[in-house]
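Here the sequence shown is numbered in numbering that gives the first Met the number 0, starting from 0 and rising by one per residue.
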Amino acid sequence: MADDLGKKLAAGMKAMDEGDFKKAYSQFKKLCVENPNDAECWYYKAECGSLASGMFGAKISNEEIMEAYNKAIELDPENADYYQSYGQFCISINKYDEAEKAYCEAAEVDESRSSALYSEFAVTFFDNVMASYGEIMEDPKARAPYAKKALKYMLMALELDPAEAKNLL
């Protein structure tokens, strides 16, 4: 049975690689029904749903995608990649608090990648805010809370406290 699941997952990934997200999504959705306790099925359903809705305008709700990521995380809470991907998705839909939480969980699960995860969150978060709010962010006062959060995570990535960073500057 596990080998059969592996083949079905590979077929779904192949459809994704070929850009047939509609086919891939329906395959992963079916696999989640058939294998409700398999984290990979849920993860690939979420990933495919995110790509299909984001790049190709498929009618897959953000809530459905978030539920799939959360189910994968629930089933395999030690997989930092699941948290990281969920965080990336949350940033893309402007759910910044949820993204921050996911990145922190990923860093906790895989401490060896914490610096990379914190810096990725900082840069991706700040870039998304700047793109989402455009001209508003040209005002330093409007930008300040977002820049402060991004800077906090960059300092965490570098393992510097604010006083030390200020001293270095």
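Glycine is no exception: its CB is placed at the ideal position from the N, C-alpha and C atoms.
Rank S118, E104, G18, E110 by C-alpha distance to the C-alpha of E73 and give the top, closest one. Closest by C-alpha distance to E73, out of S118, E104, G18, E110, is E104.
Looking at P161: is its Cβ nearer than 8 Å to the Cβ of L154? Cβ atoms of P161 and L154: closer than 8 Å.
Which listed residue (A23, L159, L4, P139) has its alpha carbon closest to that of L50: Nearest option by C-alpha distance: A23.
Nearest residue (CA-CA) to L64, options Y102, P76, S91, E77: According to the sequence as given, residue 64 is Ile; it is not Leu. Ranked by Cα distance from I64, the first of Y102, P76, S91, E77 is S91.
Verify the contact flag: M15, CB atom, against every heavy atom of the ligand MG, threshold strictly below 7 Å. Looking at this structure, you won't find the ligand MG or any other ligand, since it has none at all.
Would you mind sorting V108 into buried or exposed? The rule is 16 or more other CB atoms within 10 Å of its CB. Burial call: buried.
Could you give the C-beta distance for G11 and Y43, rounded to a whole number, given that I count them as a contact under 8 Å? Indeed, because the Cβ distance is near 6 Å, the residues count as touching under 8 Å.
If we count the other Cβ atoms within 10 Å of its Cβ and call it buried at 16 or more, is E158 buried or exposed? Counting C-beta atoms within 10 angstroms of its own C-beta, E158 has fewer than 16 neighbours from the protein chains shown and is therefore classed as exposed.
Measuring only the C-alpha atoms, how far is A156 from Y95? Approximately 18 Å, taken between the alpha carbons.
Measure the C-alpha to C-alpha separation of A98 and E77 and round it to an integer number of angstroms. Their Cα atoms are separated by approximately 17 Å.
Within 8 Å, strictly: CB atoms of E46 and S84: Yes. Within cutoff.
Supposed contact pair G48 and A71 - C-beta distance, whole angstroms, cut 8 Å: By a beta-carbon distance limit of 8 Å, A71 does not contact G48. Their separation comes to about 12 Å.
What is the DSSP secondary structure of I59, reduced to helix, strand or coil? Here I59 sits in coil by DSSP.
Give the single residue among E33, A38, M129 whose Cα lies nearest to the Cα of A141. For A141, the closest alpha carbon among the candidates E33, A38, M129 is that of M129.
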